[in-house]
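**Student:** Top to bottom, those sequences are chains A, B and C. At position 289 of the first sequence (counting the first as 1) the number is 288 in numbering that gives the first Met the number 0, and the numbers step up by one without a gap. At position 231 of the second sequence (counting the first as 1) the number is 230 in numbering that gives the first Met the number 0, and the numbers step up by one without a gap. At position 322 of the third sequence (counting the first as 1) the number is 321 in numbering that gives the first Met the number 0, and the numbers step up by one without a gap. Positions of the beta carbon are idealized from the N, C-alpha and C atoms, including for glycine. Just so you know, these numbers come straight off a predicted model, no measurement behind them. If you scroll down you'll find the structure; I have some questions about it.
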Amino acid sequence: MGVVQGDQMVLNIGPQHPSTHGVLRLKVVTDGEIVSDITPIIGYLHRCFEKHCENSTYEQVIPYTDRCDYIASMNNNFGYVVAMEELMEIKVPERVEYIRVIMAELNRIASHLLALGTYGLDVGAFTPFLYMFRDRERILDIFELTCGARLLYNYMWIGGVSHDLPVGFVETVYNFLDYFEPKVQEYNDILTYNKIFVERTADVGVLLPEVAISFGVSGPNLRGSGVKWDIRKDEPYSIYERFDFDVPVGQGLVGTTGDCWDRFYVRVLEIIESTKVLRQALKDIPATGDVHQALPKKIRPPKGSIYRRTESPRGDLGYYIISDGSPQPYRVKMRSPAFTALSVLNEISRGWMLSDVIAVLGSLDIVLGEIDR
Amino acid sequence: MTDNQEMLIQEAVEKALQGDMEAVNNIEDRVTRSKAKAALVKAKREAAKTSAEPSSEEKSEESAAESKPVPLSLNQKIAGIIASQFPGTVDEESSSETHIQLQPAKWFDIAQYLRDDPACLFDSLQCVTGVDLGEESELEVRYNLHSMTHRHAIEIRIECARNNPKVPSVETVWHIGDWFERETYDMFGIEFEGHRDLRRILLPDDWEGWPLRKDYEVQETYHGIVVPKVKEGWE
Amino acid sequence: MTVDQLIDWFPISTTWPGLTFLLAVLICAVPVFLFIAVYALVVIYGELKISSFMQDKVGPMGQGVGLHAWRWGLLQPVADALKLILKEDIIPASADKKLFILAPFIVFIGAFIAFSALPFSQTLIIADMNIGVFYILAVSSLGVIGLIMAGWSSNNKWSLYGAMRSAAQIISYEIPAALSIIVVIMLTSTMSMQGIIQYQSGFIWGFLPNWLIFNNPFMFVAFFIFFISGVAECNRTPFDIPEAESELVAGAFTEYSGMRYAFFFLSEYANMFVVAGVAVTAFLGGWQSPIPGIFNSPAWGLWWFMSKTMFLIFVMIWFRWTFPRLRVDQLMSICWKGFTPIALMNIFCVGIWYLILG
Numbered sequence: 000m001g002v003v004q005g006d007q008m009v010l011n012i013g014p015q016h017p018s019t020h021g022v023l024r025l026k027v028v029t030d031g032e033i034v035s036d037i038t039p040i041i042g043y044l045h046r047c048f049e050k051h052c053e054n055s056t057y058e059q060v061i062p063y064t065d066r067c068d069y070i071a072s073m074n075n076n077f078g079y080v081v082a083m084e085e086l087m088e089i090k091v092p093e094r095v096e097y098i099r100v101i102m103a104e105l106n107r108i109a110s111h112l113l114a115l116g117t118y119g120l121d122v123g124a125f126t127p128f129l130y131m132f133r134d135r136e137r138i139l140d141i142f143e144l145t146c147g148a149r150l151l152y153n154y155m156w157i158g159g160v161s162h163d164l165p166v167g168f169v170e171t172v173y174n175f176l177d178y179f180e181p182k183v184q185e186y187n188d189i190l191t192y193n194k195i196f197v198e199r200t201a202d203v204g205v206l207l208p209e210v211a212i213s214f215g216v217s218g219p220n221l222r223g224s225g226v227k228w229d230i231r232k233d234e235p236y237s238i239y240e241r242f243d244f245d246v247p248v249g250q251g252l253v254g255t256t257g258d259c260w261d262r263f264y265v266r267v268l269e270i271i272e273s274t275k276v277l278r279q280a281l282k283d284i285p286a287t288g289d290v291h292q293a294l295p296k297k298i299r300p301p302k303g304s305i306y307r308r309t310e311s312p313r314g315d316l317g318y319y320i321i322s323d324g325s326p327q328p329y330r331v332k333m334r335s336p337a338f339t340a341l342s343v344l345n346e347i348s349r350g351w352m353l354s355d356v357i358a359v360l361g362s363l364d365i366v367l368g369e370i371d372r
Numbered sequence: 000m001t002d003n004q005e006m007l008i009q010e011a012v013e014k015a016l017q018g019d020m021e022a023v024n025n026i027e028d029r030v031t032r033s034k035a036k037a038a039l040v041k042a043k044r045e046a047a048k049t050s051a052e053p054s055s056e057e058k059s060e061e062s063a064a065e066s067k068p069v070p071l072s073l074n075q076k077i078a079g080i081i082a083s084q085f086p087g088t089v090d091e092e093s094s095s096e097t098h099i100q101l102q103p104a105k106w107f108d109i110a111q112y113l114r115d116d117p118a119c120l121f122d123s124l125q126c127v128t129g130v131d132l133g134e135e136s137e138l139e140v141r142y143n144l145h146s147m148t149h150r151h152a153i154e155i156r157i158e159c160a161r162n163n164p165k166v167p168s169v170e171t172v173w174h175i176g177d178w179f180e181r182e183t184y185d186m187f188g189i190e191f192e193g194h195r196d197l198r199r200i201l202l203p204d205d206w207e208g209w210p211l212r213k214d215y216e217v218q219e220t221y222h223g224i225v226v227p228k229v230k231e232g233w234e
Numbered sequence: 000m001t002v003d004q005l006i007d008w009f010p011i012s013t014t015w016p017g018l019t020f021l022l023a024v025l026i027c028a029v030p031v032f033l034f035i036a037v038y039a040l041v042v043i044y045g046e047l048k049i050s051s052f053m054q055d056k057v058g059p060m061g062q063g064v065g066l067h068a069w070r071w072g073l074l075q076p077v078a079d080a081l082k083l084i085l086k087e088d089i090i091p092a093s094a095d096k097k098l099f100i101l102a103p104f105i106v107f108i109g110a111f112i113a114f115s116a117l118p119f120s121q122t123l124i125i126a127d128m129n130i131g132v133f134y135i136l137a138v139s140s141l142g143v144i145g146l147i148m149a150g151w152s153s154n155n156k157w158s159l160y161g162a163m164r165s166a167a168q169i170i171s172y173e174i175p176a177a178l179s180i181i182v183v184i185m186l187t188s189t190m191s192m193q194g195i196i197q198y199q200s201g202f203i204w205g206f207l208p209n210w211l212i213f214n215n216p217f218m219f220v221a222f223f224i225f226f227i228s229g230v231a232e233c234n235r236t237p238f239d240i241p242e243a244e245s246e247l248v249a250g251a252f253t254e255y256s257g258m259r260y261a262f263f264f265l266s267e268y269a270n271m272f273v274v275a276g277v278a279v280t281a282f283l284g285g286w287q288s289p290i291p292g293i294f295n296s297p298a299w300g301l302w303w304f305m306s307k308t309m310f311l312i313f314v315m316i317w318f319r320w321t322f323p324r325l326r327v328d329q330l331m332s333i334c335w336k337g338f339t340p341i342a343l344m345n346i347f348c349v350g351i352w353y354l355i356l357g
């Protein structure tokens, strides 16, 4: 759209491309190497999630939520389930709350590992990607131990979880944490402070806080710009108030506050914070309890609507659910954080070079499943 | 109503008042269950009245200017502010303590006011949901606003006609409005006036129809490919 | 001077000089071509295995005797080569056919003819010219033409981008490389490859071999600049912007498939060998043994040359799997604002060193 100047070139990145994190098409108008305009074209992964929800029951919506952000399925489930339980005023047992927090934090670590690894790959560092995936495999093994699935779990149900923790779960996770915590330092040595990586990402794609808030950016992208906003601390849900953890914020250690390196580093620090939460949760989890105790026989929420946000690894995941008293939702709208993150791409990568566009896109950590739904 | 049923209902209501909804939900017979729920609602209302009365007495003793017996929710306060700044735009009967119902006419100015006024400072548009209120009813757009400075949130609902839905666009007030409104247009066909580039975002540009409306009929083919139909419910 | 020796060896050399020359050249060229092919197989396998060990993988593996090639998957590169040869040859309809077909050959020629001046051993060198090193530097620029042809003729914006970046990169990095070689020429007062190596015989400081890298502190700097510029000339990571996989798919070579792609691939590895070979010759003593005096027969000479070159190639592979890649403008600024001034300063400093210390 618009008139292209004579010396400008319209380039098309995607939908099939090694580093667009899914099926994303970018129409880039460049003048030599400098980019003057980017138009993301989405919708290649649209699967009518919201229409499906209107034709399924409330429990049947949960596997659909898994498939939206397939990297952080537990957090998707968590968001939906928290919203529904608030709508129906269900209180879940303690053990279920702890299990949910443990699963959500493990999935947060796995999701961040994938984000960091693929970001290194985009920038050209092949090896950290494989190291991070090796560790992510161990987390997926833990999930497989619990519910039998590695990527899409259908684990958290309204009022409980689908499977209780298997025998030996706590030791397995402790072993994993003991193995994993020194690795974060290793990643810092290989990638985070690597001079070439810093050159590629520092001062690139600076996202100012006002711009971020106006575009609805949230999560590590917003925290990388210096805004301390985390739903787990500011609008707490489940039992997050009991845990003692920090909210890392970008400070421009090697460049400007809000550049790609800050967003990357915030994710690295968040992995460490998640391990802290995990350790506390594992220590305090009640040893026994029936996880299916509070499952309602029939889910018929009262008439009304609710909008509830939870913290997914990509930002504020919001569910707007309208119920008309029947067992099927009237309307479910999923407000995905990656949708807002992608909308800010044009703003922050204008004036940079083509390689920087790839670097910025990687630092926003988008998942097309969530954007298109 | 038999004695057994009455006792069952009473037990269930007592348990539910303590927070355990399962007793009520577990009642097999539909009629009894609905009676139990009605009794529960009545019991809750009475409990609320007895707890609200002392606080309302305090309130009316404290401030003569405060005429309402229950403390105002944030939505109601903001509705009052909007009504005083932009008279005639707030739909008083439909607004409640959880949302503000607005007329579409001055929405753009109200949005700017909400973003800039120091008491409100709603600098973040969290979610724009389009709703189809029913086959005979109208369409509605619901906005969830949030303030990063004051850390408070409200919900605004704007109804628009089904046949020619038009709502002023707020994409220059909150930049994310651009994509959110395009998505609502894509799914419901609601036109946002003043949007500089209103076109479909998730579906291909030449798709016909507005999918999330309740009366949506899927087109038969798209460029020669047969479009599978969505199953109604699960059999 | 192998070609000359071969010419003398033929009894018909006086009656048909033209034919003898042709035969001699062929007898020298064919083994070099075969050597490049075999060496490419070895290096590809090495790259796969080395990268795997560095990345906590296992790489090509086999299970048992037979087609699986024992436990180490030794036939993997052969399978790769066969696959590339047997692939369908696709030429895009809108591509410029003549240039498209010609480009891989020009790139390969640029790498191949540099082999004629590499001193594999005291007696194994195809042409010991008295301008050996100068010849290699000149001839390795031929590849740029082929690269630009490849990018242009593909009629694809991505290929064009890759070709432009690549051309800029190679041309720029030849300057620091040449400046570093100038220091070597200053010290040895000869441009002949064998001459440079013969200068490096004997001991320095009593126990170290008299390699030019130990000659004076500035030679270390010259070696590093030459080596890194060489890595840039081969389009290897961290300078592999022209083939940046995650951005341009395969850069200038996006539209090539099958054997044509194999040629580009081959020429990249051949280039690596040339760069490593020149670095070894100029700075690390060529075919001189590390303990001067023993193990210096021609056979041993070949062994020393090959092992030193292979070690430098291993370092190049190591670089690729450790570092992220540089952006184009950072790459260029390193070259022009970093390496070139340092290389010029080097020449100056080595000159002063010799003026003062004799």
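Can you check DSSP and say which residues form a bridge with A:Thr38?
**Tutor:** Locating residue 38 of chain A in the first sequence gives position 39, counting from the first residue. In DSSP, A:Thr38 forms a bridge with A:Lys26.
**Student:** Go through the stretch 243-329 of chain A residue by residue and report every complete run of the alpha helix (DSSP H) that reaches 4 residues or more, in order.
**Tutor:** 259-283
**Student:** Could one say the Cβ of C:Leu186 lies closer than 7 Å to chain A's Cβ atoms, at least one of them?
**Tutor:** One-based indexing of the third sequence puts residue 186 of chain C at position 187. So no, C:Leu186 is outside the interface.
**Student:** Out of curiosity, what's the CA-to-CA distance linking C:Gly257 and C:Pro76?
**Tutor:** As a position in the third sequence, residue 257 of chain C is number 258, starting the count at 1. As a position in the third sequence, residue 76 of chain C is number 77, starting the count at 1. Near 15 Å, if we compare the C-alpha coordinates of C:Pro76 and C:Gly257.
**Student:** Output, in chain order, the set of chain B residues within a Cβ distance shorter than 8 Å of A:Trp156.
**Tutor:** Here residue 156 of chain A is taken as the residue at index 157 of the first sequence, counted from 1. Under a criterion of Cβ atoms nearer than 8 Å, no residue of chain B is adjacent to A:Trp156; the nearest Cβ is some 15 Å distant.
**Student:** With 16 as the cutoff for other CB atoms within 10 Å, does A:Met0 come out buried or exposed?
**Tutor:** Along the first sequence, one-based indexing puts residue 0 of chain A at 1. Model confidence at A:Met0 stands at a pLDDT of 47, short of 50, so the residue's coordinates are unreliable and nothing is read from them.
**Student:** Mapping the DSSP letters down to three states, classify C:Asp328 as helix, strand or coil.
**Tutor:** Looking up residue 328 of chain C in the third sequence gives position 329. Note: C:Asp328 maps to helix in three-state DSSP.
**Student:** Candidates A:Ile270, A:Pro336, A:Gly303: which alpha carbon is nearest A:Ala109's?
**Tutor:** As a working note, residue 109 of chain A is residue 110 in the first sequence. Ranking the options by Cα distance to A:Ala109, first place goes to A:Ile270.
**Student:** From the DSSP output, in three-state form, read off A:Met155 for me.
**Tutor:** As a first step, residue 155 of chain A must be located in the first sequence, where it is residue number 156. In this structure, A:Met155 counts as strand in the three-state DSSP scheme.
**Student:** State yes or no: is the beta carbon of B:Ile99 nearer than 7 Å to at least one beta carbon in chain A?
**Tutor:** Within the second sequence, residue 99 of chain B is the residue found at index 100, counting from 1. Taking Cβ atoms only, chain A never reaches closer than 7 Å to B:Ile99, which makes this a no.
**Student:** Can you grab the Cα-Cα spacing for the pair A:Gly167 / B:Ser123, in whole Å?
**Tutor:** Along the first sequence, one-based indexing puts residue 167 of chain A at 168. Along the second sequence, one-based indexing puts residue 123 of chain B at 124. When the Cα atoms are used, A:Gly167 and B:Ser123 turn out to be separated by approximately 45 Å.
**Student:** For a quick check, are the C-beta atoms of C:Ser266 and C:Phe107 less than 7 Å apart?
**Tutor:** Numbered from its first residue, the third sequence carries residue 266 of chain C at position 267. Numbered from its first residue, the third sequence carries residue 107 of chain C at position 108. Contact: yes.
**Student:** Hey, quick one: how far does the alpha helix (DSSP H) through A:Arg372 stretch, first residue to last?
**Tutor:** As a working mapping, residue 372 of chain A is identified with position 373 in the first sequence. No alpha helix (DSSP H) contains A:Arg372, which DSSP labels as neither H nor E.
**Student:** Within 10 angstroms of its Cβ, does C:Leu159 collect 16 or more other Cβ (buried), or is it exposed?
**Tutor:** On the third sequence, residue 159 of chain C is found 160 positions in, with the first residue counted as 1. Label assigned to C:Leu159: buried.
**Student:** Under 7 Å, Cβ to Cβ, is there at least one residue of chain A near B:Cys119?
**Tutor:** Mapped onto the second sequence, residue 119 of chain B falls at position 120. No, its Cβ sits nowhere closer than 7 Å to a Cβ of chain A.
**Student:** Could you pull out every residue in the same chain whose Cβ sits closer than 8 Å to the Cβ of A:Trp351, ignoring the five residues on either side in sequence?
**Tutor:** Reading the first sequence from its first residue, position 352 is the one you call residue 351 of chain A. Excluding residues within five positions, the ones whose Cβ falls inside 8 Å are Ile33, Val34, Val203, Gly204, Val359.
**Student:** Along the stretch 294-328 of chain C, what residues have a CB closer than 9 Å to any CB found in chain A?
**Tutor:** Arg319, Trp320, Thr321, Phe322, Pro323, Arg324, Leu325, Arg326, Val327, Asp328
**Student:** Compute the distance between the beta-carbons of A:His20 and A:Ile365, then report whether it is under 7 Å.
**Tutor:** As a first step, residue 20 of chain A must be located in the first sequence, where it is residue number 21. As a first step, residue 365 of chain A must be located in the first sequence, where it is residue number 366. For A:His20 and A:Ile365, yes; Cβs fall inside 7 Å.
**Student:** What does DSSP give as the partner residue(s) for B:Phe191 in the beta ladder?
**Tutor:** Here residue 191 of chain B corresponds to residue number 192 of the second sequence, with the count starting at 1. Per DSSP, B:Val166.
**Student:** Looking at A:Arg107: is its Cβ nearer than 7 Å to the Cβ of A:Pro312?
**Tutor:** Here residue 107 of chain A corresponds to residue number 108 of the first sequence, with the count starting at 1. Here residue 312 of chain A corresponds to residue number 313 of the first sequence, with the count starting at 1. Taking 7 Å as the Cβ cut-off, A:Arg107 and A:Pro312 qualify as a contacting pair.
**Student:** What do you get for B:Lys34, buried or exposed, if any count of 16 or more other CB atoms within 10 angstroms of its CB means buried?
**Tutor:** Working through the second sequence from its first residue, we reach residue 34 of chain B at position 35. Classification for B:Lys34: buried.
**Student:** Helix, strand or coil, according to DSSP, for C:Met128 in the structure here?
**Tutor:** One-based indexing of the third sequence puts residue 128 of chain C at position 129. Note: C:Met128 maps to coil in three-state DSSP.
**Student:** Look at the alpha carbon of C:Gly131 and the alpha carbon of A:Leu113, and state the distance between them as a whole number of angstroms.
**Tutor:** As a position in the third sequence, residue 131 of chain C is number 132, starting the count at 1. As a position in the first sequence, residue 113 of chain A is number 114, starting the count at 1. For C:Gly131 and A:Leu113, the distance between alpha carbons rounds to 50 Å.
**Student:** Could you give the distance in angstroms between the alpha-carbon of B:Ser54 and the alpha-carbon of B:Gln102?
**Tutor:** Here residue 54 of chain B corresponds to residue number 55 of the second sequence, with the count starting at 1. Here residue 102 of chain B corresponds to residue number 103 of the second sequence, with the count starting at 1. Residue confidence is low: B:Ser54 scores 39 on pLDDT, short of 50, so the model does not pin down where it sits. Its coordinate-derived value is still stated next. B:Ser54 and B:Gln102: Cα-Cα distance of roughly 34 Å.
**Student:** Should C:Thr187 be labelled buried (16 or more other beta-carbon atoms within 10 Å of its own) or exposed?
**Tutor:** For the purposes of this step, residue 187 of chain C is identified with residue 188 of the third sequence, where counting begins at 1. The residue is buried, with at least 16 neighbouring Cβ atoms inside 10 Å.
**Student:** Tell me, to the nearest whole angstrom, how far the beta carbon of C:Glu173 is from that of C:Leu136; I am working on the premise that it is less than 8 Å.
**Tutor:** One-based indexing of the third sequence puts residue 173 of chain C at position 174. One-based indexing of the third sequence puts residue 136 of chain C at position 137. Confirmed, Cβ separation roughly 7 Å.
**Student:** Hey, quick one: how far does the alpha helix (DSSP H) through A:Cys67 stretch, first residue to last?
**Tutor:** Residue mapping note: residue 67 of chain A aligns to position 68 of the first sequence, counting from 1. Neither: A:Cys67 is in no alpha helix (DSSP H) and is coded neither H nor E.
**Student:** Please tell me whether A:Pro247 and A:Gly225 are closer than 7 Å, where the distance is taken between their beta carbons.
**Tutor:** Looking up residue 247 of chain A in the first sequence gives position 248. Looking up residue 225 of chain A in the first sequence gives position 226. Not in contact: A:Pro247 and A:Gly225 (Cβ atoms no closer than 7 Å).
**Student:** Shorter than 7 Å from the beta carbon of A:Arg199 to some beta carbon of chain C?
**Tutor:** The sequence position of residue 199 of chain A within the first sequence is 200, counting from 1. With 7 Å as the cut-off, A:Arg199 counts as an interface residue toward chain C.
**Student:** Per the DSSP calculation, B:Leu138 is bridged to which residue(s)?
**Tutor:** Residue mapping note: residue 138 of chain B aligns to position 139 of the second sequence, counting from 1. B:Asp131, B:Cys159.
**Student:** If you draw a straight line from the C-alpha of B:Glu190 to the C-alpha of B:Ile157, how long is it?
**Tutor:** Position 191 of the second sequence, counted from the start, is the residue given in the question as residue 190 of chain B. Position 158 of the second sequence, counted from the start, is the residue given in the question as residue 157 of chain B. About 13 Å.
**Student:** For A:Pro62 versus A:Asn153, is the C-beta distance shorter than 7 Å?
**Tutor:** Stepping through the first sequence from its first residue, residue 62 of chain A is reached at position 63. Stepping through the first sequence from its first residue, residue 153 of chain A is reached at position 154. Going by C-beta atoms, A:Pro62 is nearer than 7 Å to A:Asn153.
**Student:** Is there a C-beta anywhere in chain A that falls below 7 Å from the one on C:Lys156?
**Tutor:** Start at 1 with the first residue of the third sequence, and residue 156 of chain C comes out as number 157. By this cut-off, C:Lys156 is an interface position.
**Student:** Any beta carbon from chain A within less than 7 Å of B:Cys126's own beta carbon?
**Tutor:** If you number the second sequence from 1, residue 126 of chain B lands on position 127. With 7 Å as the cut-off, B:Cys126 counts as an interface residue toward chain A.
**Student:** Give every residue of the same chain whose Cβ lies closer than 8 Å to the Cβ of B:Arg114, excluding the five residues on either side of it in the sequence, and list them in chain order.
**Tutor:** For the purposes of this step, residue 114 of chain B is taken as the residue at position 115 of the second sequence. Leu120, Phe121, Asp122, Val172, Trp173, listed in sequence order.
**Student:** What separation, rounded to the nearest whole angstrom, lies between the Cα atoms of C:Leu311 and A:Tyr130?
**Tutor:** The residue labelled residue 311 of chain C in the question sits at position 312 within the third sequence. The residue labelled residue 130 of chain A in the question sits at position 131 within the first sequence. Looking at the two C-alpha atoms, the distance is approximately 26 Å.
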